[in-house]
Structure formats: C-alpha cells, structure tokens
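S.K.: Please find one structure pasted underneath; my questions will follow.
Residue numbers (this note's numbering): 1 to 494.
Below, the structure written as structure tokens:
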C-alpha cells in the first residue's frame, strides 16, 4: 500500500479506533511533580505552579478532537499548534505519560497528504506547517515506557510528514527552506523581516539553519523508531538522510570566520548574518564537530551575546537587529531548552548546568514578582515591562495585546524539565532510572527534594559542592543512598 493511499483513506479511519485505548481519567494535580528546596525560596512555589497552569491549559476530548489536547495559554482558544504540542508533551511526561501520548492525535487527525498543520486555528484548509520537532518529542516519550503499540500508531504520520517535507520544503541543493515566515514559528525574526513587517525576505531561496537542524533530528528520531519497529530499510534511509544533510549544513551554512551557523540566501548568494538563537540550534541536532561545538559554546557563554541575566535570547545582545520584541531579542524557553540540551549532549555539562540554573531562576523570579508565567522574557531584567509582542506587525496579534501572553504553560513549563533533566540529571528508560546530577556553584550548600508521585519516586540531593553531591532515592518504599563525584551517575530499577 502506498504512503499516499494510507494517509488519505486508511489513517483517518484508524485514528478514531487507535485513540480509544489512550483515553483515561483526567490527571490529578496531587500526582504532579513537586519540589522542595533550602535554596532560592521562590523555586518550590514556582516549580509546583507550573503544573497547576499546565493543567488549566489541558482540554478534554470534544468534537472534532477525539483525545485530550493542549493549548499554549488561555488566550489561544481551541488553537492547537504543532511545535507547541511537541514541547508541551515533554512537560506532561513527568506527570502523566498517557496525556503526553494523546495530545499529538488532534494534529494527526488533520494530516493532509502527509502535511501536518501549523495550527488547527487555520481549519482544514491550512496552508503551512511548523518546525518539525514531533518525531524528536515522540521518540523521547517512547523511552519512558517502551510502548511499542503507541509507536506503531504514530509512526505512519511522522513518516508521511517527513516525506512531505522532503517533497515540498527541500531545495535543489538538498537544504531546506521555510515556505513563509509564519511557518518558522519565529515569524517576526530579523532573519526574515524588518520590525514593522513591511519588508519580508523571499523564503524559497533562503536555506534556514533551524529547519535544516530540525530535519537532521527528525531523520535520526525516525531512524530509531524504524529500527524499533523492525523497518530496517526505512532506518537505513533516515540515517543516510541525516548524514547527508549534516554535510550540506557544514558546507553551506557554517561561517568559519564568525564561528557560527547562519541562514544562506541563495538568491543573493550570501549569508544572512543575523546572530540569532537559530545559529546555535545545530548543537541540538549533533551537526557540529568538536571544534565547531566549542566555538558555539563560546558564543553561548559570552555575556555580550547570549549569556544574559536570563540566558539565550532569541537575538544576541551585540547584534544590530536586537530589539525587545518577540523573536527579535526576548528569551523563549523552547529554543533555549534545545540549545541547553545540545550543549549537554556535547559534554559541556557545567555550562549546561549554569545556563539551566540561570534560565530557571529568571523565570521563577518573574513568577515571584507577578505570579505568572509568560510567553517570552526580558533577557536583562526580572520583569516583563518593556518587552513587546510584534510591535508594528499589524494584523498578526490576534487581539493578544502588546505584552507577552500570560499563563503560557505552554512550553515555558520546560523550565521544570531543566530542573529534572539537567540539574537532577534524571533519565528514565522503561523501568530503569539513571541520575547524573549537575548543579552550578551557586547551589553549593543547598538541599533539593524532587517528588514524582506518578512514579512513587522521591529524590533528595545535598549539594556539598558542584563536584560532590549526596543523593537519597526512595522509590516504592525502597531507599538507596549514593555519593556522587564529578560526572558520576546513579542507576536503579523500579
């Protein structure tokens, strides 16, 4: 059976059936992760409040959706966004994996010839997509419980989406382009437009470094899925695709002089030299070699560029296009999260810990002042005042005002993931747990207790120094004690 026939006729009918086993009673707030700390006093309250707001943005099945679905925030009524969903599922996984698995299906329900929608606000006639990070997110969820049946259900949609991207968003030279600025998810970036959006760069000859990075990740995640499902030919092709694209990215999009990746405008035959967070996203996909990764790390840690009070702004401080307007300068947690994970993967553990600590603390400090979580953040102040939402870009605000949207959990909830995944260094693979704590010097002398009720797990860490941590793990009433030095891991099974 061809992919096209499956996508058009068979998959929609099966979707109604395959979602039914996933449906369960709604999540209970008492089962959400929680944090106690002798450290920064606002951390426990802010950490816990992420899940209260996360729950408020969850919606039960209702026509036309057959499963639970997630909103970025309360102002996004019945709007389901592609890349938002991928990141929001990552926040849900530590609380309720069943919910995390369900929330992709509304997007699959509206798949058309393999294409997945930018937003279901657009209706069935949607014309653009969004950053392809679904396969990455779904593969990470699969690690939790090795749910092969679920993976078999979602794989055809992800495979068809990858096929569509290769047909519709690939340039003749093998690189990838955004069809329009809205498809990029970062639509008012100075990479594409002036602040008023009266001038927009033609996109079809514009090789996008972020999209190319996402596509490398998409291929690698699909290769892992295909191997798991016994589809070895698929797996080999996806790995080949990933390696070929890595070579092209380094050939065309790496600027040796600046030590950064940039977009390339093949219409003008030149780099688009905007020093944005996109320049660091190849770390997330494993594209740079060791020397290139070190240069990217140096940019990320430079206080004049990306190492701001709340780190990893969407545009570097020293770039002439930097402004406090959405994707023109403010910090977005999803893109910062990807860069931090990439640095961690390259072995820059201490740097990842430092950036995570400062990013988490910045979001929690703003919560302390306002009682809210926001869509994006001021890179240089613990406040929202002064940052704008598409100033001058008339017609694109959707009546959401000039300030960042509040109660945006949403991917802003990924700050809690940074606590769990980078600072505590917690990983789950089936019934096996691994923990590699990694705290900066600022945490010395502090005590942190993380509770994951859905897994009957409580972890207490005493940070004696950044290189010496005492850990007590209690799971299913069984206690374990570990003394951990630099880079040491603790492992146990349920």
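Glycine included, each C-beta is placed from N, C-alpha and C at the ideal position. Only a predicted model underlies this, so the values are computations on that prediction, with no experimental measurement involved.
Across which residues does DSSP place residue 331 in a beta bridge pair?
M.R.: 313, 377
S.K.: Am I right that residue 44 and residue 35 are in contact with their C-beta atoms under 8 Å? What's the rounded C-beta distance?
M.R.: 5 Å
S.K.: Could you give the distance in angstroms between the alpha-carbon of residue 462 and the alpha-carbon of residue 293?
M.R.: 32 Å
S.K.: Please check the pair residue 422 and residue 298, which I expect to be a contact at CB under 8 Å, by giving their CB distance rounded to whole angstroms.
M.R.: About 20 Å separates the two Cβ atoms, so there is no contact after all.
S.K.: When you compare the CB positions of residue 97 and residue 144, do they come within less than 8 Å of one another, or not?
M.R.: yes
S.K.: Using a Cβ-Cβ cut-off of 8 Å (strictly less than) and excluding sequence neighbours within five positions of residue 318, which residues of its own chain qualify?
M.R.: 275, 304, 305
S.K.: Applying the 10 Å Cβ sphere with the 16-neighbour rule, what's the burial state of residue 425?
M.R.: buried
S.K.: Give a yes or no on whether the C-beta atoms belonging to residue 284 and residue 342 are separated by under 8 Å.
M.R.: Contact: yes.
S.K.: Got a sec? Which residues, its chain only, sit under 6 Å from residue 89 by beta carbon, not counting five neighbours each side?
M.R.: 100, 103, 137
S.K.: Between residue 210 and residue 128, is the Cβ-Cβ spacing less than 8 Å?
M.R.: no
S.K.: Start and end of the beta strand (DSSP E) containing residue 435?
M.R.: Judged by DSSP secondary structure, residue 435 falls within the beta strand (DSSP E) whose first and last residues are 432–435.
S.K.: From the DSSP output, which residues share a beta bridge with residue 482?
M.R.: 471
S.K.: The alpha helix (DSSP H) with residue 152 in it runs from where to where?
M.R.: From DSSP, the alpha helix (DSSP H) with residue 152 extends over 148–168.
S.K.: Can you tell which of 93, 110, 31, 95 has the C-alpha that lies nearest to the C-alpha of residue 63?
M.R.: 110
S.K.: From the DSSP output, which residues share a beta bridge with residue 388?
M.R.: 325
S.K.: Tell me whether residue 383 is buried or exposed, calling it buried when 16 or more other Cβ atoms sit within 10 Å of its Cβ.
M.R.: exposed
S.K.: Select from 465, 183, 459 the residue whose C-alpha is nearest the C-alpha of residue 505.
M.R.: Not covered by the structure: residue 505. The range shown for the chain is 1 to 494.
S.K.: Output needed for residue 413: all residues of its chain with C-beta closer than 6 Å, excluding positions within five of it in sequence on either side, in chain order.
M.R.: If we look at residue 413 and ignore the five residues flanking it on each side, its Cβ neighbours are 50, 54, 91.
S.K.: Mind checking which residues open and close the alpha helix (DSSP H) that includes residue 108?
M.R.: 105–109
S.K.: I need the boundaries of the beta strand (DSSP E) containing residue 491, first residue and last residue.
M.R.: 490–493
S.K.: Sort 385, 411, 37, 80 by Cα distance to residue 336 and report the nearest one.
M.R.: Closest in alpha carbon position to residue 336, among 385, 411, 37, 80, is 411.
S.K.: Tell me the rounded alpha-carbon separation between residue 452 and residue 493.
M.R.: Between residue 452 and residue 493, the C-alpha separation is close to 15 Å.
S.K.: Give the straight-line distance between the Cα atoms of residue 188 and residue 243, rounded to the nearest whole angstrom.
M.R.: Linking residue 188 to residue 243 through their CA atoms gives a straight-line distance of about 31 Å.
S.K.: Do residue 162 and residue 248 have their beta-carbon atoms positioned less than 8 Å apart in this structure?
M.R.: No.
S.K.: Please list, in chain order, all residues of the same chain as residue 139 whose beta carbon is under 7 Å from its beta carbon, the five residues on each side excluded.
M.R.: Once the five neighbours on either side are set aside, the close Cβ partners of residue 139 are 221, 224, 225.
S.K.: Kindly indicate which three-state DSSP category residue 477 falls into: helix, strand or coil?
M.R.: coil
S.K.: According to the Cβ coordinates, are residue 190 and residue 66 closer than 8 Å?
M.R.: no
S.K.: Residue 28 by DSSP, collapsed to three states: which one?
M.R.: coil
S.K.: By how many angstroms is the C-alpha of residue 373 removed from the C-alpha of residue 78?
M.R.: 20 Å
S.K.: Starting from residue 90, follow the beta strand (DSSP E) in both directions and report where the run begins and ends.
M.R.: Element bounds for residue 90: not the beta strand (DSSP E) but the alpha helix (DSSP H), 82–92.
S.K.: Do you know offhand how far residue 149's Cα is from residue 263's?
M.R.: Answer to the nearest angstrom: the Cα atoms are 39 Å apart.
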